[in-house]
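Protein chains in written order, with this note's numbering: chain A, -18 to 320; chain B, -18 to 320.
Just so it is clear, CB atoms sit at the ideal spot from N, CA and C, and this is done for glycine as well.
Shown next, in structure tokens, is the structure this report addresses.
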DNA sequence: TTGAAAGCGCTAACAG
DNA sequence: CTGTTAGCGCTTTCAA
């Protein structure tokens, strides 16, 4: 049974080692102006009493916290996970620790006002800066720097890391159009995610440029998962006048379409072209090119930027572009290109 | 550019609405003994000023925080991710928010003393309770309840959620032995993870029971990833006297072995049997049974237990067992069983 | 129904 | 080198 007791404070340590609280505080913060034997004595007492500093009290007084906040709506969602992988790595390489705040539900916290709330919650008290993922807000009021990963707004009033989703979408559409496809299905990503919206925009614009009218029936909702790709793939391919190519918003969905095509006896790429964005975990096993690091890269870069900002104490309204690569699936062989 | 300004405090709100701080505090905490018009006035000011309560100051004074802490060494690691998926879902269904604390590196925080530190950090100040993943410590001193997921220690002095790894390992080994295998390779999981160790123990014990001497060359390190499975698979299969079956510590590794076998022209299961534990993402696509929810379940249950403990304010030294399922890969068809 | 005042545990001047 | 003291922003008695 874990020992449950009133927590040890700096006062207890001070008393037990016969010094004042400020001396203990000095030892705690590695100040140099402490006599060696005093320091040793205090350290010994700290160890014996099992003292841990009170995070709340500490961050209330001191400017530097060595803590970076991350606000994500949903840590269990593949999209967030990929980003967090990159963030995690950058954190591991840095002197900062990471505090992730989540409400567990993308819908609870999607609203801009909620985001502002969580950002303030962390930045006004605990952290030196925060990363916000898939932010819907155009502006933030905050004490410390903030960097957004894949914000909904294209030109936000804060530093951000974005993928070249619109460009990538245009290029992949042009590729499909160059193959002669006229009816191209589109499986959307989550509507809350800005990058997914930009891919859709690229889809529409590419068709318009090619003089092809957009058939709204060919645009179906999705949520970045393989099951949804499967379901929507079946839906599209069972249409009276089915598409000859499908553009899935990400690779997870594309895998689902692949399954759907399999089931319906369609061969890829002879009967159907399928393209997808992003990241696939088992790509190598499937004989495809290794996975796209785009999201992880975004997370990694975001932390780098944030640390830079924390050090400089400036807030540049900078946008860092990460090239969104695309994967064209063709019968277990892949054409890849950086878009 | 984000507005960077001195954060709005309860004092500012009080001043602006012409009441005292205590009244604002009452409104903030939804106390009933506030005149309606006062409340409205204060609320309006809070909205206008964009006030957010200071988490640090707040949790320093009040007992209930509606916040659950999660201590994970490495959030980018597949093992942690699966657990977090379950945790995330349980949090979404609860009234609590989640605060994840990580150092970004499994090696930094693996030591028991570090864990104690992080647990205290959260539990003594910010959170109502914490979940600790893959804990190495046998005991914890903490103000609030704690629940461990997959601790290293089998019978820890705190509540925990554990998988039936030893049992599962025994059974799968007995299955392989019953097929007539005498030389069975074993690809380890991460050495820091207790459950991985228990699988290895099952491997050894099953062989001993069958009267087969353990060949230490057949036991190779791994880290739960597909690349490591691949590498170790090649290593094992290139031995002078290679194994006829390989037991990978989890399914990610098993996929790697599968690749290795492919490359070396071995057919499964005719030339080689491969078994793996845990979770695979593209299982369905590969024609295998859907993924094993074991880790996510553990996370989910852990939160449930913790909330229970927080409400009861008791600390039971309870162990919740989650059945670890196993997947036997046989040439893209799967035998599954609950162990 | 409200305000004044006392701290929560800590850090940071400011004296010695 | 060390102790005293004044708060950080908040909740919570205790009076009014």
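Nearest-angstrom beta carbon gap, residue j and residue i [assumed within contact, 8 Å]
i, j, result
"residue 69/B", "residue 62/A", "Not really, about 10 Å apart at Cβ, beyond 8 Å."
"residue 115/B", "residue 165/B", "At roughly 26 Å, the Cβ-Cβ gap does not stay under 8 Å, so residue 115/B and residue 165/B are not in contact."
"residue 33/B", "residue 101/A", "4 Å"
"residue 241/B", "residue 211/B", "5 Å"
"residue 54/A", "residue 83/A", "7 Å"
"residue 41/A", "residue 106/A", "7 Å"
"residue 71/A", "residue 291/A", "Their Cβ separation, rounded to whole angstroms, is 13 Å, which puts residue 71/A and residue 291/A out of contact at 8 Å."
"residue 30/A", "residue 78/A", "That pair is no contact at about 23 Å."
"residue 3/B", "residue 23/B", "Not a contact, Cβ separation roughly 11 Å."
"residue 321/B", "residue 229/B", "Nothing about residue 321/B can be reported from this structure: the residues present for chain B run from -18 to 320 only."
"residue 151/B", "residue 183/B", "5 Å"
Beta bridge counterpart(s) of residue i as assigned by DSSP
i, result
"residue 302/A", "143/A"
"residue 111/A", "50/A, 127/A"
"residue 81/B", "81/A, 51/B"
Buried or exposed by the 16-neighbour rule on C-beta atoms within 10 Å, applied to residue i
i, result
"residue 235/A", "buried"
"residue 46/A", "buried"
"residue 278/B", "buried"
"residue 203/A", "buried"
"residue 13/A", "exposed"
"residue 180/B", "buried"
"residue 37/B", "buried"
"residue 220/B", "exposed"
"residue 160/B", "exposed"
"residue 137/A", "buried"
"residue 227/B", "buried"
"residue 59/A", "buried"
"residue 269/B", "Note that residue 269/B scores a pLDDT of 29, beneath 50, so its modelled location is shaky and nothing firm can be said."
"residue 28/A", "exposed"
"residue 96/A", "buried"
"residue 76/B", "exposed"
"residue 192/B", "exposed"
Per-residue DSSP class, three states only, for residue i
i, result
"residue 203/A", "coil"
"residue 166/B", "strand"
"residue 174/A", "coil"
"residue 0/B", "coil"
"residue 219/A", "coil"
"residue -5/A", "helix"
"residue 7/B", "helix"
"residue 66/A", "helix"
"residue 292/A", "helix"
"residue 32/A", "coil"
"residue 25/A", "helix"
"residue 17/B", "helix"
"residue 42/A", "helix"
"residue 160/B", "coil"
"residue 61/B", "helix"
"residue 190/A", "helix"
"residue 246/B", "coil"
"residue 133/A", "coil"
"residue 196/B", "coil"
"residue 75/B", "coil"
"residue 117/B", "coil"
"residue 138/B", "coil"
"residue 238/B", "helix"
"residue -11/B", "coil"
Proximity below 7 Å, CB of residue i to CB of residue j
i, j, result
"residue 214/B", "residue 238/B", "yes"
"residue 119/B", "residue 134/B", "yes"
"residue 187/A", "residue 155/A", "yes"
"residue 322/B", "residue 124/A", "With chain B represented from -18 up to 320, any question about residue 322/B goes unanswered, as that position is not in the structure."
"residue 26/B", "residue -6/B", "yes"
"residue 113/A", "residue 52/A", "yes"
"residue 141/B", "residue 300/B", "yes"
"residue 287/A", "residue 81/A", "no"
"residue 217/A", "residue 64/A", "no"
"residue 67/B", "residue 280/B", "yes"
"residue 199/B", "residue 224/B", "yes"
"residue 302/A", "residue 145/A", "yes"
"residue 8/B", "residue -8/B", "no"
"residue 50/B", "residue 5/B", "no"
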